[in-house]
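Chemist: Protein chains in written order, with my numbering: chain W, 1 to 250; chain F, 1 to 250; chain D, 1 to 250; chain V, 1 to 250; chain G, 1 to 250; chain P, 1 to 250; chain E, 1 to 250; chain L, 1 to 250.
8 protein chains.
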Amino acid sequence: MSKEGRTDPRAVLEAYRAGRLSLEDAVSAVDGCYFQDIGHTTLDHDRHRRTGTGEVIYGGHKTPEQIRDAFVALAARGNGVLATRVGLEAAALVLEAVPGAEHHPNARIVMLRGEREPAAHTIAVVTAGTSDLPVAEEAALTCEFLGNTVKRISDVGVAGIHRILSRAEELRRARVVIVVAGMEGALPSVVGGLVDKPVIAVPTSVGYGAAFGGIAALLGMLNSCASGVSVVNIDNGFGAGFLASRINRL
Amino acid sequence: MSKEGRTDPRAVLEAYRAGRLSLEDAVSAVDGCYFQDIGHTTLDHDRHRRTGTGEVIYGGHKTPEQIRDAFVALAARGNGVLATRVGLEAAALVLEAVPGAEHHPNARIVMLRGEREPAAHTIAVVTAGTSDLPVAEEAALTCEFLGNTVKRISDVGVAGIHRILSRAEELRRARVVIVVAGMEGALPSVVGGLVDKPVIAVPTSVGYGAAFGGIAALLGMLNSCASGVSVVNIDNGFGAGFLASRINRL
Amino acid sequence: MSKEGRTDPRAVLEAYRAGRLSLEDAVSAVDGCYFQDIGHTTLDHDRHRRTGTGEVIYGGHKTPEQIRDAFVALAARGNGVLATRVGLEAAALVLEAVPGAEHHPNARIVMLRGEREPAAHTIAVVTAGTSDLPVAEEAALTCEFLGNTVKRISDVGVAGIHRILSRAEELRRARVVIVVAGMEGALPSVVGGLVDKPVIAVPTSVGYGAAFGGIAALLGMLNSCASGVSVVNIDNGFGAGFLASRINRL
Amino acid sequence: MSKEGRTDPRAVLEAYRAGRLSLEDAVSAVDGCYFQDIGHTTLDHDRHRRTGTGEVIYGGHKTPEQIRDAFVALAARGNGVLATRVGLEAAALVLEAVPGAEHHPNARIVMLRGEREPAAHTIAVVTAGTSDLPVAEEAALTCEFLGNTVKRISDVGVAGIHRILSRAEELRRARVVIVVAGMEGALPSVVGGLVDKPVIAVPTSVGYGAAFGGIAALLGMLNSCASGVSVVNIDNGFGAGFLASRINRL
Amino acid sequence: MSKEGRTDPRAVLEAYRAGRLSLEDAVSAVDGCYFQDIGHTTLDHDRHRRTGTGEVIYGGHKTPEQIRDAFVALAARGNGVLATRVGLEAAALVLEAVPGAEHHPNARIVMLRGEREPAAHTIAVVTAGTSDLPVAEEAALTCEFLGNTVKRISDVGVAGIHRILSRAEELRRARVVIVVAGMEGALPSVVGGLVDKPVIAVPTSVGYGAAFGGIAALLGMLNSCASGVSVVNIDNGFGAGFLASRINRL
Amino acid sequence: MSKEGRTDPRAVLEAYRAGRLSLEDAVSAVDGCYFQDIGHTTLDHDRHRRTGTGEVIYGGHKTPEQIRDAFVALAARGNGVLATRVGLEAAALVLEAVPGAEHHPNARIVMLRGEREPAAHTIAVVTAGTSDLPVAEEAALTCEFLGNTVKRISDVGVAGIHRILSRAEELRRARVVIVVAGMEGALPSVVGGLVDKPVIAVPTSVGYGAAFGGIAALLGMLNSCASGVSVVNIDNGFGAGFLASRINRL
Amino acid sequence: MSKEGRTDPRAVLEAYRAGRLSLEDAVSAVDGCYFQDIGHTTLDHDRHRRTGTGEVIYGGHKTPEQIRDAFVALAARGNGVLATRVGLEAAALVLEAVPGAEHHPNARIVMLRGEREPAAHTIAVVTAGTSDLPVAEEAALTCEFLGNTVKRISDVGVAGIHRILSRAEELRRARVVIVVAGMEGALPSVVGGLVDKPVIAVPTSVGYGAAFGGIAALLGMLNSCASGVSVVNIDNGFGAGFLASRINRL
Amino acid sequence: MSKEGRTDPRAVLEAYRAGRLSLEDAVSAVDGCYFQDIGHTTLDHDRHRRTGTGEVIYGGHKTPEQIRDAFVALAARGNGVLATRVGLEAAALVLEAVPGAEHHPNARIVMLRGEREPAAHTIAVVTAGTSDLPVAEEAALTCEFLGNTVKRISDVGVAGIHRILSRAEELRRARVVIVVAGMEGALPSVVGGLVDKPVIAVPTSVGYGAAFGGIAALLGMLNSCASGVSVVNIDNGFGAGFLASRINRL
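(1) Measuring straight from C-alpha to C-alpha, what distance separates G241(D) and L222(D)?
(2) Can you give me the start and stop residues for the beta strand (DSSP E) that T127(V) sits inside?
(3) Report yes if the CB atom of V202(L) is closer than 8 Å to the CB atom of V158(L), and no otherwise.
(4) Does G5(G) have its Cβ less than 8 Å from a Cβ in chain P?
(5) DSSP beta-bridge partners for M111(P)?
(6) In chain L, which residues lie with their C-beta within 9 Å of the C-beta of V190(F)?
(7) Taking its Cβ as the centre, do 16 or more other Cβ atoms sit within 10 Å of S2(D), making it buried, or is it exposed?
(8) Give a yes or no on whether the C-beta atoms belonging to G147(V) and E170(V) are separated by under 8 Å.
(9) Helix, strand or coil for V180(G)? Go by DSSP, reduced to three states.
(10) For V156(W), which three-state DSSP category applies?
(11) Verify whether the separation of the beta carbon atoms of L82(W) and F145(W) is less than 8 Å.
(12) In chain F, which residues lie with their C-beta within 7 Å of the C-beta of L218(W)?
(13) Going along the chain, which residues of its own chain have a beta-carbon closer than 6 Å to the beta-carbon of G80(P), five neighbours each way excluded?
(14) What's the gap between the Cα of A15(G) and the Cα of S245(E)?
(15) Compare the C-alpha of G239(D) against each of C225(V), R249(V) and G237(V) and name the closest.
(16) Looking at the structure shown, is E4(G) part of a helix, part of a strand, or coil, going by DSSP?
(17) Use the C-beta contact count for E89(L): other C-beta atoms within 10 angstroms, 16 or more gives buried, fewer gives exposed.
(18) Tell whether a beta-carbon distance below 8 Å holds between G185(G) and I161(V).
(19) Against G214(F), what residues of chain P qualify as contacts under a CB-to-CB distance less than 9 Å, listed in chain order?
(20) Run the CB neighbour count on R108(D), radius 10 Å, all protein chains shown included, and call it buried at 16 or more, exposed below.
(21) Chain P partners of D235(F), CB-CB under 7 Å?
(22) May I ask you to report which of helix, strand or coil DSSP gives T63(V)?
(23) Kindly say whether A226(D), judged by its beta-carbon, lies nearer than 8 Å to any beta-carbon of chain W.
(24) Less than 8 Å between CB atoms is the rule here; does S154(V) satisfy it with respect to chain D?
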């Protein structure tokens, strides 16, 4: 088994040509290179090869035991492991089972750092308000887990526009900018007009009344009048961090 | 009273023609063949004849006592009984009252298996992710309660497309395929393009943010670009299982 | 009949006390002070006294003839008349019937200017983009009709934030600021953070896709993180202008 | 540092011209006049100058400790402090830390009154029903915190129309009217037709069923057939009070 | 065939008892008493007996020819005929084919008046604005077709509240009140607080922006704080008129 | 003070004409006939005269103490009192304070029956499923409080259509029919096609997934293809009962 | 090339094993078995094998020329061709280019019938109203194109419930039932309670006001209280017909 | 004026220090470096410096003359010009006024190519269906205008999953992948699972019924279970192309 934990399908095909495998067995063996069904979960052994990163555990809608088991299984393969949306009970189970795992309760992340070559560039993570920090931390920790350096710029929403303007140089030094905002979600439009780098906008569910749990921010960001802005799901700090890392490491 | 627990209306009509019943009494007696009002509930004695299956207890919005009473009443008629959306308290009441009843807490089902002729074909129940399992189990147990054999294929969502592709032959051996998915609900479209059997799509409320409690998955499935796919209500595993059984036993 | 076109109800009460009117007649005469039913319309003769302004004709959902008739009737009372949402056909009918009426096709306004004491202060009307101009003109012309001086500041949306910043002094010289914006509707938040005057935000239906005909801008403005901002209906330039004038003339 | 707690940027520019500051240092010093980054929060020292009021603490989505810290920091600058959406736990923390702070649990407000010149005019705060009182109190206390006199008129909804009519004179004596209503949100339309002053409508989440948490009231107010009405976010008593004060003190 | 155009099922049952009909033929003959399949339409011959009124033609989504054919067929049975949502082309076809039919283009109604005993009481049809008149006329003409006297009260919306107040006595003389309003739909709440009769609220699609084609008015009416108000579909003047007549003739 | 607890305004007018009251005092005294401001609530003393019924306490969004106080105050005027949406704590407070008050926990109603002349006709209250009973009981108890006889017909939803058909004669004997249904809300359409009486449809929040808390049932009822059906708010049993009584007692 | 118009991939694999193809060429040749890129379209040659039916042309959002070209290309392969959502202009182009093609303008279908073995069972296509016929015809013609016999039952909506009841036997003789309905979409619930066969519900955009272009019917069907019902997209007659055929031919 | 068409603000600051400019003039001159107000439009001369690209003309909601004028003005500055959402009439005006401009009617783009250094990498533009081509072309032409090479892969939607799988190598050779899809919008999830590059998803308004003009696709993409996917507005091909170029040229 290779480092990524899978058999190379080319070896299967060669064994088949050499007659060491029947046609049916060859098909079955090729299948086996790609995934493994371990009961409630089908492990995607091939994801690292295809997408450059192993599986990440999404803890939402899962029991603490399911999260712990998945974390242990992935840690056993010798790489770093990242789990998001982890509640306190599940975090305790993982920390008990996996030495070296660290818990970031504000961001609801548990992770075991692996070895990665550091990226040459920086990712900026910007928040409109203090209440957006948990989502921003999910993004920032995801970036760091994936080997990136992060510059955090917090509480610079548009109602005091000089705050973000005074940070323009810091923004421009980053290669990718993640902007996290709730309420009207206007900050990405302003940032998008200030930098020449990709901007990833993360709407948060911060707000009340007609904020509708993040819909107002989401719509604001999708309709941004600035170019170079794209959007991920409401409160999806992980998605923004993952994508930022992918761009940053191109 | 017949095995299905109702009087045959033909007997009433014959008694009427023979003059043993007045016109008014005949109308009343015919009514009596079809249902029975027992206070808070009107039992539909005729459903088995009309639709091939007796009444199923939907436990949502009902008190534990109402669920228990209905279960006991239906069990007394000598057939199997199926109750869905049953909470822990109600389940305990039923198990205490009805020997032989079994509880599946993950699927929130309590059931008393009856005698049914086994179906000749298999139903496949496919899930996109581990979090969709409770709904899928509601579907699978419903199928089994109705006398079908079920093939479960779990955690084969579209982000690792080779997982479902490698199971294509298993899918094709089934006569009906139930696909359970949350988030973007894309799996039924892929399955619908792989098989020549009816596909029943079940959107789940798994997801967050703009998943909107299953609306994203529901819309995705209704707009499936694959033909041969139809949809049931969000989280409605029972409905999918019931329909799959009806098709499978045609 | 007074200048506002209505009888004074005090005169009625005095006539009644003096016995010149019966109880029933007094009630009826008081009614008559307030409105007049002229078939398809009930003219609100009392509105000027109660709210400081006469009736304005909303041309939407009305036939050209209905608009023309209402305009003529109000013009006959010797004051200025304002009609909004007037199509080309209706405008032509009014211009033919009322000498001195002027037509602003971009703003869809027809108006006959009346005599009003000029307001001491200025109202600023700011637009995010060129496409917002028709709604902004409806607001600005309404302000001018009501006797206010208007400062127009156009095409200063947040994607080029220095544009609005460089106009900050002009904004601060106004007593009320109307901000008109479509798409994500972020401009009022920035303006609200720059001035210490009331800001009236007008969402426009400018945009496409998830702009949803102005919903995105409306939600953005309702959730503005800046204080001192309130919102009127989508594309409701008239409402903003009317309110701005009311504040400006306090 | 001036009373408002910030350096005057003109001083910086003069120092720069005199050669006491390099170009880079001047830019940096100007920045410093406007805000201060203290970790999780960027204090907007310039807001008082720009908008006439210091920062207000929005307690929603914040931890009790964050609220307490922010309150203490702002109180230390010698002005009044206003915090909204403050829960019981956070309120206790603030009251313990800041002598003189007062807690209004119904309105979820904690505030430390500062010195302000009293406004010459009155603001009316009108509610449709008893259930709307908490939001109305948030508005009224905000007005009072900002130095205004408030006239409260409660429980005068449109189903008993004579209640509001009989208060028309009181309404007309106010310079600004705030109308707070849930359910169908019709009261602002009636009030808007009775007075010649600006009306600020606050939809509340009071209601059930198709009230949809305030959407019905919000839409009703946005579509008001009365002129001179504008709207703030659902349950946003603070926003209405702040804006009313801004208008009242023009 | 009786005047209502159907066979009496009692006659069938008697023929069956007398042995003149077999069991199967009796069932079939009873069916025949109730409806008739004439190709694209299944005529409901029994509706008059069950509900007191014959079928009404809903012209929406139908071709002019389908409307004409249905109108002719119903007119041939010797009663009055009512068709709603009839466009100009279909109206011309009907008028040509059915002498005595009358066309009301504003209300989009074509009808052939039948003989009905006049109702003892009056129905009031109230509109908030001139733009609501077409829907109100659909309601009023439906009432008149069904034999009721109608009192029309127009353009008395809540922004000039004295208009409706001055008509309170007229309202109270009616036995049922239909209130037709667009925009915020507040008028039914005020009327419901003035009378002790049933109020039927009809939301119209009049309005713009956040009126959302009548949704704002619909929600306003459903959430009316006045008791005694119920609601029909947006723009459904016919439904309101039909129900009002049913109540009025009790 | 009259039995309804208010002064007759005619007496005031006569005193004014006789010179016993000044003009200002007369206006004030007329006001006093209509309502009374008792702090957090404005009692509408005139509602009984205008609408035939006294005020009803809506307990939602109110504190237990507010409900108790209002109940005591209204009971003190010697009539019956009805309070809806009353929680257990508030109910206990009322029962302790008001002898004779009765509590219906399933319907969340507390009421003190008053003296009313019994209505000559019956109201039918029909439910689609057992889960709809609490809302139906709110409707039925409201009817009974207002002096009507109620016929309850339960659990006769459309999936077993013979259940409602067999009750058709009972339905037709009622003068008004209330139909309570959740899920798809189809029962009112079927009932509306069976009877010639007014049908009041009450959507309930019973259901799951795409039932969206009663929206599916609400839309179904608003779009009913049967004539003679109108709709009240989701779960608004009281509103349906109140309106039914108003019709029944015409 | 086989009758289905594709190369058999087993032949490729055998050629590869025999050394007649290199590894890279084999991969490429296998690809070629499955599809063909012809510019704006990628023909899915393998769909017939996978799903039992060839590609169907969805004419929506396509130009007349694109539809004609696709139709000609598929017809050239010697099988039947089905195109849906075809406008008049595109239909004329196809009829001119393909002899034997037939046009059904009401259903917006153009098709060239192919040879298929007739199915042993019947599919029932039921409509609630005359206005639903175009969608029902799309379903029925799709069934017939795929070799099924169709029983049409039209205009039997729930407001005259005896219409559908009298057709119960015909319904029960079908193996699959398609129910097409707009407005409240209640008919599938009634049908689902009458038969023991799969019911496919098709919501239509027929209706007005709160029908919201089919949303009311869609939600009604998704929440059907009858078991055995599944739903396809609004107005998706083709999807229902395709699925019904797939079930009917199992 | 520099090539980007603006004055360098450093020159202004130096002139100010040298005393050649007063404080007020310096502020004004700095302003002038950044933008220019030419009536209906405020040109953002500084955008090229800040964001790496000049202004792009969004033709939606603009008159043909406004589009032509803006195009001419930008072309006069000697760079390439891109205009999107250009109708036929506006395109003709531009082509007549600007030699060398080219019109792509399917993509609704008019552009004048400028000189740009070619990017070293390729951008893939993938479409799910033929109907998505116009939006995809808007994206592809935007990429090309900005100096990138584009690989188009068309009509490879998930219902025939082998189509996209067979193109996996081509996908992996791109540095950025744009995926354009309507209906259920599932294709980005599959692509995101196949590549290790950033994926930009563009929902299109292609579809019908519950596609709701692109909402279904938008929600599907926002909830993608694949990591590395972000989303732009519905039909926003330009936004995707602009962002892809920004990433590709990092």
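Note that the Cβ used here is the ideal one computed from N, Cα and C, for glycine as well.
Modeler: Let me spell this out:
(1) 18 Å
(2) T122 to T127
(3) no
(4) Low confidence applies here, because G5(G) scores a pLDDT of 39, under 50, leaving its location unreliable; read the following figure in that light. No, G5(G) does not count as interfacial toward chain P.
(5) L82(P) and E102(P)
(6) V158, A159, I161, A186 and V190
(7) Note that S2(D) has pLDDT 35, beneath the 50 cutoff, so the model's placement of it is unreliable and the number below is only indicative. Exposed is the call here.
(8) no
(9) strand
(10) coil
(11) yes
(12) A210
(13) L112, R113 and G114.
(14) Counting only the Cα atoms, S245(E) lies some 44 Å from A15(G).
(15) C225(V)
(16) Residue confidence for E4(G) is low, a pLDDT of 37 falling below 50, so the modelled location carries little weight; the figure read from the coordinates is stated next. When DSSP states are grouped into helix, strand and coil, E4(G) belongs to the coil group.
(17) exposed
(18) no
(19) Residues of chain P passing the Cβ test: G209 and A210.
(20) buried
(21) Y208 and G209
(22) In this structure, T63(V) counts as coil in the three-state DSSP scheme.
(23) yes
(24) Chain D contact via Cβ: absent.
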